[in-house]
Amino acid sequence: EACLRQKLKAKRNTDGALTLGSPEVKFTLDSETSDPTDVGIYTHKEANSMVEEFMLLANISVAAEITRYFPQSAMLRRHPAPLPGAFDSLQRTLSTHGFSLDATSSLKLTKSLDACDKPSDPYFNKLVRIMATRSMQQARYFCSGTVTPSEYAHYGLATPIYTHFTSPIRRYSDQVVHRLLAAIINWEAVSASTLEVDAMTVLTDNLNLRHTMAQYAGRASVNLHTLIFFREREVEEEAYIIKVRDNGVVVLVPRYGIEGIVFVCEAGERNPFTMDEKSESLRAPGCTLSTFDKLKVKIRVDVTKPHRPKLQLSIIEPKLP
Numbered sequence: 004e005a006c007l008r009q010k011l012k013a014k015r016n017t018d019g020a021l022t023l024g025s026p027e028v029k030f031t032l033d034s035e036t037s038d039p040t041d042v043g044i045y046t047h048k049e050a051n052s053m054v055e056e057f058m059l060l061a062n063i064s065v066a067a068e069i070t071r072y073f074p075q076s077a078m079l080r081r082h083p084a085p086l087p088g089a090f091d092s093l094q095r096t097l098s099t100h101g102f103s104l105d106a107t108s109s110l111k112l113t114k115s116l117d118a119c120d121k122p123s124d125p126y127f128n129k130l131v132r133i134m135a136t137r138s139m140q141q142a143r144y145f146c147s148g149t150v151t152p153s154e155y156a157h158y159g160l161a162t163p164i165y166t167h168f169t170s171p172i173r174r175y176s177d178q179v180v181h182r183l184l185a186a187i188i189n190w191e192a193v194s195a196s197t198l199e200v201d202a203m204t205v206l207t208d209n210l211n212l213r214h215t216m217a218q219y220a221g222r223a224s225v226n227l228h229t230l231i232f233f234r235e236r237e238v239e240e241e242a243y244i245i246k247v248r249d250n251g252v253v254v255l256v257p258r259y260g261i262e263g264i265v266f267v268c269e270a271g272e273r274n275p276f277t278m279d280e281k282s283e284s285l286r287a288p289g290c291t292l293s294t295f296d297k298l299k300v301k302i303r304v305d306v307t308k309p310h311r312p313k314l315q316l317s318i319i320e321p322k323l324p
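All the letters of the sequence shown, read from the start, carry residue numbers 4 to 324 under the numbering used here.
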C-alpha cells in the first residue's frame, strides 16, 4: 500500500497538486471538567497521508462516474483558480527575501512554494504556504449542469473533476453522492427531484453556506478553548508577523496555532511607527516590523472586562519604542 500511495502522490505532484498550509489546533481535555490541559498543532503522520491518497482517488473516480451517468445533476466540488492579483501582496513581501511566486498554473505555484525555503528557519516555508492558502478562493459544491466541464476543475488538487464521497457519516454532500452512485448500480432509485438542476443547485448553495457557518463555529470553538487554557497562564513564546497594519501587526504563534493582532500604541496615543507601503513594514528609530519577522510575544488573558475576557498578545522582543 505504501508504494502505491507514493505513486499516487507523485502523480498528483507532477500534475501540480498543491501542498498548502493551515494550522490545525489540537486540545487535550481534562477527563472530568473537559477544560483544555494542553494545546498544540495537529501533526500529520505517514498513515494520514496513505489514507488521504486513497480517499482522493475514490472521490475523483466517483466524481467522473456520477457525471457520466448524470451529466446535468451530479453533485461536484470545484476549486477555482486564484483571482488576478490575489498573490500580489505576498509576492511583494517574498521579493524582499529573494523569492518569487508564479501562480499562472498550480504546477508553477507548487514549484515556487517549494523554492521558498530558508535552511536557517524551517518554519518559513510552512508560513509561506499558510499565507498562500489564504490568498486563494474557497472550494465550493456545485451542480454539474450549471457550469461548463472546463470549470469543473479543482485547482488545489490539480484534477479536472472532484467530489466528496468518502465521508457520508459526517457530510451530507457525501450522502447525496452515495445516492447517485446507488442509482447507477441499480441498488436504489434516486428521486426525480434530486435530478433537477434547480433543486440540486439550491442544495449545493445551502451546503456551501452551512460549510462556511461550520468553519466559523469551529474557529469560535478553538478561540473559546484557547481562552480557557490561558486564563490562568502567562506564556512567552516565539511568533511570526503575517500581516502589517498602520497601528500594529498580526502575528501567528506556531506552538499554539494562535493568531492575533498586536497594537504598537494604545488608542488615542501617538503612533511611534510609520508605515512603509513599499516594503509593507512599520518603521521607527531602532525598530522595524516586517512580514515574516520572528518575534517573542507574551500571551495572557485580559480580564479588565470580566464579562468579555479576551486573549492579549504583546511584543517582548524586539523592544518597541
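In this text, a Cβ means the ideal position worked out from N, Cα and C, and glycines have one as well.
By alpha-carbon distance to L21, the top candidate from L32, D105, H100, D91 is D105. When DSSP assignments are scanned along the segment 27–110, the uninterrupted stretches of beta strand (DSSP E) that are 3 or more residues long and fall wholly within it turn out to be 28–32, 39–44, 78–81. Boundaries of the beta strand (DSSP E) around M278: 277–279. Sorting A223, V267, D38, K10 by C-alpha distance to the C-alpha of K322 places V267 at the top. The three-state reading of DSSP puts G148 in helix, counting H, G and I together. P125 has its alpha-carbon roughly 34 Å from the corresponding atom of E269. A straight-line Cα-Cα distance of about 12 Å links V131 and L112. Residue state for D305 is assigned as strand, using DSSP reduced to three classes.
Secondary structure of C6 (DSSP, three-state): helix. The residues R132, T136, in chain order, have a CB closer than 6 Å to that of L23 in the same chain once the five nearest residues on each side in sequence are set aside. By the CB criterion at 8 Å, T294 and I244 fall inside the cutoff. Assigned with DSSP and collapsed to three states, Y259 falls in coil, not helix or strand.
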